[in-house]
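In my numbering, the protein residues as written are 129 to 404.
Quick look at the structure:
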């Protein structure tokens, strides 16, 4: 079966086989037991174990499986259903453990859109979980700055809290293709930040016009979640950037909590690539 991925060594199409991916030049990439494939060349691997570590991937899986971020998941699926054409090719750039990928894919399948979908992430620990969550989506270890995807292959590219690799995204998007860019709103996790920091500050919100892309809309998601399980509180903390830069005193205050009510706020910026 022809893959949505291309060979990272020679850029030829890849054939997706039961135990490996193979290109016409004979480059072969084994599929892991979980189902994902490693397409990050050794000379572009800047760490021994890049991306989220095993603990972070586990924390994110536990937290998201509680559907605390279901409003964002459902909004992404709704937007995909609104904008995606029939038989779309979709790429989730920085897919993590596949929570959003799987929901978006399933919504389009149920609507009869017959999508083909792939996701990439640097973390093999996250992709193990992604590949098990949705077996009909292809997942690969790869960098968003060097996507193993052919030029103008994607009808829709989703980027949820991942680096903005604009040049690469424009390369793989078809003319007229769509780009969903998810960023936090100003008050996202505000009450969590009040526990962690003495002087928290809101996230900056702005509309940024990017060359080659035209705004279609910005979808706002603003709700409040209540966590009554200390494990869920710690999982949320561990899956955020705050985990690495919070003073010990703030982390200790959070660890002492048995429940937490906090705002969640997301902005989905919907763009369309120029047709020319």
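Idealized CB from N, CA, C, for every residue including glycine.
C-beta contact flag for residue i and residue j at 9 Å
i	j	result
residue 201	residue 231	yes
residue 164	residue 281	no
Where residue i sits in the DSSP three-state scheme
i	result
residue 241	coil
residue 358	helix
residue 274	coil
residue 258	helix
residue 323	helix
residue 163	coil
residue 363	helix
residue 378	helix
residue 251	coil
Extent of the continuous alpha helix (DSSP H) to which residue i belongs
i	result
residue 137	Note, residue 137: premise wrong, no alpha helix (DSSP H); not H, not E.
residue 371	370 to 373
For residue j and residue i, the rounded distance between their alpha carbons
i	j	result
residue 132	residue 218	9 Å
residue 255	residue 290	15 Å
residue 321	residue 246	34 Å
residue 216	residue 386	44 Å
residue 271	residue 278	14 Å
residue 297	residue 158	26 Å
residue 332	residue 315	9 Å
residue 396	residue 375	31 Å
residue 373	residue 259	30 Å
Residue i: first and last residue of the uninterrupted beta strand (DSSP E) it sits in
i	result
residue 302	301 to 312
residue 211	It is not in any beta strand (DSSP E) - residue 211 instead sits in the alpha helix (DSSP H) that spans 198 to 211.
residue 390	388 to 401
residue 267	266 to 269
residue 433	No answer is possible for residue 433: the residues shown for the chain start at 129 and end at 404.
residue 186	First-last for residue 186: 182 to 193, but that is the alpha helix (DSSP H), not the beta strand (DSSP E).
Count the CB pairs spanning the segment 383 to 393 and the segment 298 to 307 that are closer than 8 Å, and state whether there are at least three.
no
Would you call the segment 371 to 391 and the segment 331 to 346 in contact, with 3 or more CB pairs under 8 Å?
no
Decide if the segment 280 to 289 is in contact with the segment 206 to 222; the criterion is three or more beta carbon pairs, one per stretch, under 8 Å apart.
yes
Validate contact between the segment 231 to 243 and the segment 210 to 217 using beta carbons, cut 8 Å, 3 pairs:
yes
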